[in-house]
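Line by line, the protein sequences give chains A and B. Start counting at 1 in the first sequence, then tack on 782, and there's your number in our numbering. Start counting at 1 in the second sequence, then tack on 22, and there's your number in our numbering. The C-beta atom is built at its ideal place from N, Cα and C for all residues, glycine as well. It should be emphasised that the depicted structure is a prediction, and the values quoted were computed from it without experimental measurement. Okay, so here's the structure we're looking at.
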Amino acid sequence: MTPKVELRNVVKAFDDKVVLRDVDLEVDPHEVVCLIGSSGSGKSTLLKCVNLLVDIDDGDILLDGNVITDGSVNPNDVRQKMGIVFQAFNLFPHMTVLDNIILAPTKVHGVDQAAARDRAAELLEQFGLLDKIEEYPDRLSGGQQQRVAVVRALATRPGLMLFDEVTSALDPELVAEVLGVIKGLKEDGMTMIIATHEMGFARDVADEVCFLDSGVILEQGPPQQIFKNPQQARTRQFLQRIMDAGRL
Amino acid sequence: MTFPPDDVKSPGLWPSGRFRRSGKRQLREEGARSALIAAGSTVIFFGLVVWWILSSEFWPAVQKQFFNPENFAEAWPDVVGDISLGFKSSFPFIDFQGSGFWLNIYMFLIAEVLILIFALILAMIRALRGPAFFPLRALVIVFIDLIRGVPIILLILLLGFGVPALQLPGVPRSELFWGVTTLVISYSAYTAEVYRAGIESVHESQRMSARSLGLTQFKALRYVIVPQAIRNVIPALLNGFVSLQKDVALVFVLGIREAVREAGIYTAATFNYTSYIAATVLFLLVSVPVARFTDWYTERDRRRRQAVGAA
């Protein structure tokens, strides 16, 4: 159910701009890995590569020991095993909260309408959004929309969740409610890869923190080590800037 | 007492309610005044134009040729046509027996439904990505380019006279069938481009989001992209309705006895053009309300979007 993810020498370039160079990463079942680093360091691209939304140029990505990036695997099958939440929520504005959530279960996984509804209601209740079930996304606050996006990704019971800077577009007072949801998922044992600018959150929730710089994982280790005792000058510089900005 | 008083909000000291009411009344009075001025100037302006036309020395000749009430009354029944004969058989409604303007409306309705469906299929094929779909995409692009590059009247002549002349077994020979088919082919090419503009107006992140949930390309289009795309292009589609409603008349060249043909027959017999004016009136009766509706809908949609944007 909860898969193991491996990246081996993954390379990705957009035209001649190299975004990921020889990235190696292993994520064990139930492990939470946080990706930190400045904008443009390759965090989002890495997540989109795992989800096959972006084709890699070299290397392999493996899911449970099987290569998923050699073209032999149907991307839709891979995507059905994982959920991704984006910075900009990307809810479907022409559908109610409920329809957003049950779209993939009913149209992709063949779950019948009633069962999908029950599952949606259960998740919404868990996240305190049951009263919004018939609302349209534009009637919700940013934090509520992002929590609905998390529910939508969870509705298909994925074993792996990818979070792409999910709080970056939120007003500061709405950040906590979304981070709280992710912390809850960690307690449930969800495997997660989280790209984030929230250093305090990364320190609390991560089993492993990766510092990305210009498409390279420059430093990797448990949060105590990365935040208290970084080995690389670039990591120290990055964290210093974050601290100067009062974000750590 | 100072003016304005410090505690304007206090209902006891300052009768703000009465002030609001009188403000509204003032607004209403101003609105009524503008409406009166607009009405007055309109009456005067058009009154002058009509007086100028009617007092012209050429008017009697013009009226006799184009606006003769007797000729109008005489031509009207044929131009409007007959709907009482209806269909020989019911589904799929291809053997309509009516004539005149009723036949125009029938052709318009049938063609419009088929165009909306066929054009959407074309646009969705064109929106598919990936090398596997290249042949299909290329086919659609070539079709759209070719059809848009040929005058519609030429297509009507080619298909309406040309195909029946081949006398191929199993191929319909009815002018009505080929007239409507040509309209569908031609308008589908344009309407597909309208849909395409709509599909491209939906942000790329919506497609990415749908795909990330495991939806196939087709399902992402069907459930996520196209519903939003259509909403974005409804005004453009309604414009297409108005345009098609008029272009239906072009099939008169095939000898189909729709309104323009009937009017032409009357003119040929009497050398009087009032029958064309009768046909004109009928087309306006349909297209002007649709045009007004399009404007009303576009404005309402614009306001709604702004309201959402502000919220």
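For a contact defined as C-beta to C-beta under 7 Å, what are the partners of residue i on chain A?
i: B:P18; result: Past the boundaries of the shown model lies residue 18 of chain B; chain B is included only from 23 to 333, so the question cannot be answered.
i: B:P249; result: H876
i: B:Y245; result: L885 and K889
i: B:K268; result: Those within 7 Å of B:K268 in chain A number zero; the least Cβ separation is about 32 Å.
Could you work out which residues of chain A lie near residue i, taking near to mean beta carbons separated by less than 9 Å?
i: B:L237; result: N858, R861, L885, A886, K889 and V890
i: B:R253; result: H876
Give me the chain B residues within the contact set of residue i, using Cβ-Cβ distance strictly less than 7 Å, ordered along the chain.
i: A:L835; result: M230, R233 and S234
i: A:P919; result: In chain order: nothing, as chain B lies at least about 10 Å away.
i: A:A870; result: S227
Apart from the five residues just before and just after residue i, which ones in its own chain have a Cβ nearer than 8 Å to its Cβ?
i: B:Y245; result: A232 and L237
i: B:K241; result: A232
i: A:V849; result: D842, I843 and V855
i: A:P875; result: Y918, P919 and D920
i: A:Q1019; result: none
i: A:K863; result: P785, L845, P940, G941 and L942
i: A:Q895; result: I884 and T888
Please report the straight-line C-alpha distance between residue i and residue j, rounded to a whole angstrom.
i: A:V1033; j: B:A211; result: No answer is possible for residue 1033 of chain A: the residues shown for chain A start at 783 and end at 1030.
i: A:R866; j: B:G201; result: Inspection of the sequence shows that residue 866 of chain A is occupied by Ile rather than by Arg. A:I866 and B:G201: Cα-Cα distance of roughly 51 Å.
i: A:A903; j: A:D913; result: 10 Å
i: A:K965; j: A:Q1007; result: 21 Å
i: B:T289; j: B:V102; result: 15 Å
i: B:G171; j: B:E215; result: 14 Å
i: B:Q85; j: B:Y298; result: 13 Å
i: B:D29; j: B:R55; result: Caution is warranted here: a pLDDT of 48 is assigned to B:D29, below 50, making its placement in the model unreliable, and the coordinate value is therefore given only provisionally. So the alpha carbons of these two residues sit roughly 35 Å apart.
i: A:L936; j: A:F945; result: 12 Å
i: A:V793; j: A:R803; result: 5 Å
i: A:D881; j: B:Y128; result: 38 Å
i: A:I983; j: A:N791; result: Here residue 983 of chain A turns out to be Phe, not Ile, going by the sequence shown. Cα-Cα distance, rounded: 28 Å.
i: B:Q250; j: B:L259; result: 14 Å
i: A:E969; j: A:V963; result: 10 Å
i: B:R218; j: A:R939; result: 35 Å
i: A:N1011; j: A:M981; result: 15 Å
i: A:K825; j: A:Q926; result: 24 Å
i: B:F274; j: B:V308; result: 19 Å
i: B:F192; j: A:A897; result: Before going further, note that residue 192 of chain B is Gly rather than Phe in the sequence given. Going from the Cα of B:G192 to the Cα of A:A897 covers about 50 Å.
i: B:V65; j: B:L125; result: 37 Å
i: B:I278; j: B:A313; result: 27 Å
i: A:K786; j: A:V948; result: 23 Å
i: A:V836; j: B:V264; result: 43 Å
i: B:R322; j: A:V800; result: 47 Å
i: A:A1027; j: A:I975; result: 25 Å
i: A:L967; j: A:T878; result: 24 Å
i: A:E955; j: A:Q908; result: 21 Å
i: B:Q119; j: B:L198; result: 11 Å
i: B:I163; j: B:L144; result: 9 Å
i: B:R50; j: B:R325; result: 23 Å
i: A:G892; j: A:N858; result: 14 Å
Short of 7 Å in beta carbon distance, which residues of its chain neighbour residue i, apart from the five on each side in sequence? Order them along the chain.
i: B:L136; result: V206
i: B:G34; result: Low local confidence applies: a pLDDT of 44 at B:G34 is under 50, so the model's placement there is unreliable, with the coordinate-based value given in what follows. So no residue of the chain qualifies.
i: A:H808; result: With the sequence shown as reference, residue 808 of chain A is identified as Glu, and His is not the correct amino acid for it. Cβ neighbours of A:E808 beyond the five flanking positions: E788.
i: A:A951; result: Q869, A870 and G924
i: B:L243; result: M146 and A149
i: A:R1016; result: D995 and L1000
i: B:R159; result: I147, R148 and L150
i: A:L828; result: L802, V805 and L817
Excluding the 5 residues flanking residue i on each side, which residues of the same chain have their C-beta closer than 6 Å to its C-beta?
i: B:V72; result: none
i: B:P26; result: For B:P26, the predicted model reports a pLDDT of 47, less than 50, meaning its position is unreliable; a value from the coordinates is still stated below. Excluding sequence neighbours, B:P26 sits near nothing in its chain.
i: A:M972; result: M943
i: A:D989; result: E813 and V814
Would you call residue i buried or exposed, if buried means 16 or more other Cβ atoms sit within 10 Å of its Cβ?
i: A:M1025; result: exposed
i: B:E79; result: exposed
i: B:E134; result: buried
i: B:R327; result: exposed
i: B:W318; result: exposed
i: B:A301; result: buried
i: B:E92; result: exposed
i: B:A141; result: buried
i: A:P1004; result: exposed
i: A:S823; result: buried
i: B:E226; result: exposed
i: B:V248; result: buried
i: B:D100; result: buried
Output, in chain order, the set of chain B residues within a Cβ distance shorter than 8 Å of residue i.
i: A:I1031; result: Examination of residue 1031 of chain A is not possible in this model, given that chain A is present from 783 through 1030 alone.
At a CB-CB cut-off below 8 Å, which residues of chain A make contact with residue i?
i: B:K241; result: K889 and V890
Check: Counting only runs that start and end within the stretch 814 to 864 of chain A, where is the beta strand (DSSP E) found for 3 or more residues in a row?
Finding: 814 to 818 and 840 to 845
Notebook entry, point to check: Where in the stretch 934 to 978 of chain A do unbroken runs of the beta strand (DSSP E), each at least 3 residues long, occur, reported from the N-terminal end onward?
Noted result: 942 to 946 and 973 to 977
Notebook entry, point to check: Of all the alpha helix (DSSP H) runs that stay within the bounds of the stretch 235 to 317 of chain B, which reach a length of 4 or more residues?
Noted result: 248 to 269 and 281 to 292
Next item on the list: Starting from the N-terminal side, write out each stretch of the beta strand (DSSP E) that is 3 residues or longer and does not extend beyond the stretch 182 to 229 of chain B.
Entry: none
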